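*Asks:* For the sequence shown, the positions run 7 to 329 when the numbering used here is used. Quick reminder that beta carbons are idealized off the backbone N, C-alpha and C, glycines included. Values in this document were obtained by computation on a predicted structure and should not be read as measured data.
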Amino acid sequence: MTLAPIIMIVGIGFLLTVLLTPIFIPALQRMKFGQSIREEGPQSHMKKAGTPTMGGLVFIVSIVMTTLGVAFYLEMLTTQTIVLVLVFVGFGVIGFLDDFIKVVLKRNLGLTSLQKVIGQIIIAVASFFLLSQGPFETTISVPFTNWSVDLGIAYVAFMIFWLVGFSNAVNLTDGLDGLVSGTASIAFTTFGVLALVYQQLDIAIFAFAVTGALLGFLIFNANPAKVFMGDTGSLALGGALAMVSILVKQELLLVIVGIIFVIETLSVIIQVISFKTTGKRVFKMSPIHHHFELSGWSEWKVVVVFWSTAFLAAFIVVMLEVL
Numbered sequence: 007m008t009l010a011p012i013i014m015i016v017g018i019g020f021l022l023t024v025l026l027t028p029i030f031i032p033a034l035q036r037m038k039f040g041q042s043i044r045e046e047g048p049q050s051h052m053k054k055a056g057t058p059t060m061g062g063l064v065f066i067v068s069i070v071m072t073t074l075g076v077a078f079y080l081e082m083l084t085t086q087t088i089v090l091v092l093v094f095v096g097f098g099v100i101g102f103l104d105d106f107i108k109v110v111l112k113r114n115l116g117l118t119s120l121q122k123v124i125g126q127i128i129i130a131v132a133s134f135f136l137l138s139q140g141p142f143e144t145t146i147s148v149p150f151t152n153w154s155v156d157l158g159i160a161y162v163a164f165m166i167f168w169l170v171g172f173s174n175a176v177n178l179t180d181g182l183d184g185l186v187s188g189t190a191s192i193a194f195t196t197f198g199v200l201a202l203v204y205q206q207l208d209i210a211i212f213a214f215a216v217t218g219a220l221l222g223f224l225i226f227n228a229n230p231a232k233v234f235m236g237d238t239g240s241l242a243l244g245g246a247l248a249m250v251s252i253l254v255k256q257e258l259l260l261v262i263v264g265i266i267f268v269i270e271t272l273s274v275i276i277q278v279i280s281f282k283t284t285g286k287r288v289f290k291m292s293p294i295h296h297h298f299e300l301s302g303w304s305e306w307k308v309v310v311v312f313w314s315t316a317f318l319a320a321f322i323v324v325m326l327e328v329l
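1) Is Q139 buried or exposed, if buried means 16 or more other CB atoms sit within 10 Å of its CB?
2) Determine the contact status of V64 and I225, defining contact as a CB-CB distance below 9 Å.
3) Do three or more CB pairs link the region 240-250 to the region 158-172 at distances below 8 Å?
4) Taking DSSP as the reference, what is the three-state secondary structure of T145?
5) Which of the three DSSP states is assigned to V155 in this structure?
6) Rounded to the nearest angstrom, what separates I88 and V131 at their Cα positions?
7) Less than 6 Å between C-beta atoms, sequence neighbours within five positions excluded: which residues of the same chain meet that for M165?
8) Express the C-alpha separation of F167 and V216 in angstroms, rounding to a whole number.
9) Give the C-beta separation of T144 and L157 to the nearest angstrom, bearing in mind that I take them to be a contact with Cβ-Cβ under 8 Å.
10) By Cβ distance below 8 Å, which residues in the same chain neighbour K290 in space, the five residues on each side in sequence not counted?
11) Excluding five sequence neighbours on each side, which residues of the same chain lie with their C-beta closer than 6 Å to the C-beta of A320?
12) In or out: E257 buried (at least 16 other Cβ within 10 Å) or exposed?
13) Rank V99, F234, A160 and F106 by C-alpha distance to the C-alpha of L182 and give the top, closest one.
14) Given this structure, state the Cα-to-Cα distance separating Y79 from V203, to the nearest angstrom.
15) Using the Cβ count rule (16 or more neighbours within 10 Å means buried), how would you classify F150?
16) Can you give me the start and stop residues for the alpha helix (DSSP H) that M165 sits inside?
17) Going by beta carbon distance, what residues of the same chain come within less than 7 Å of F39, once the five residues before and after it are set aside?
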């Protein structure tokens, strides 16, 4: 695939999102789909109350239209493409139900953790079944080495762990204006490049469609955000990102490429364990982006530093894998 089709894919995803979002935001406002803000969170966030959420619906539509349209046009509509769309939309539906219950039905907890995990497991197992109908490798390779291990049927357990883990990791990261839009666009671009290197053009189409759509969404989601993606968007992005890493057979590279998502999740785990065992908190607030805010950093500074960290990790991965 040359540079021209990549620019076309990114451009279509970007343009669709930019055109659809201004139509979508007033609709969310009319339906009073406004974000509620945690009272225990940073006080600077209280002014965000009422900002339209569930904006992930916009880029989900844009990405699916771009992926299927381009894949059909280039005659690259494969089982892997279908699985990616299934995971992306499926996790998005789970996030939408969670948002709808919290925002529209005014039930603060939304779906229970068990309900979300059950839904995610069903999608992961269905994806494994679809992929196993063809030549699907169940090996996991250690990055930058020749080491690998074949998990066989146990790979389905890994797939469940990976999809559930990273969908929730991205969800935890979605707490500042533009944070996930930027870090996820960097991660998907990285795996798009790797997919090109490994000649997996069908996966590259999806990855670059996500990049374009997120860059378009970032125009409205950057500080001060006019719309939030909600669980609808963050769960969809996390599940799809994990599946992309699985399909390019560089699963463990996601730990590096998605370093921000990993750090955010670890900060929550450390905070919970510390408080339950010692009664003390390691961070002023978790996830860790709130710790930096409460330490005096502006929201924009936190986002830029996290973006920069994500970009550096992605750059290192691409250099080591390509060169």
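*Replies:* In terms of the structure at hand:
1) exposed
2) no
3) yes
4) strand
5) strand
6) 15 Å
7) A130 and F134
8) 23 Å
9) 5 Å
10) H296, H297, L300 and S301
11) I192, T196 and V263
12) buried
13) F234
14) 22 Å
15) exposed
16) Y161 to T179
17) P58, T59, M60, V109 and V110
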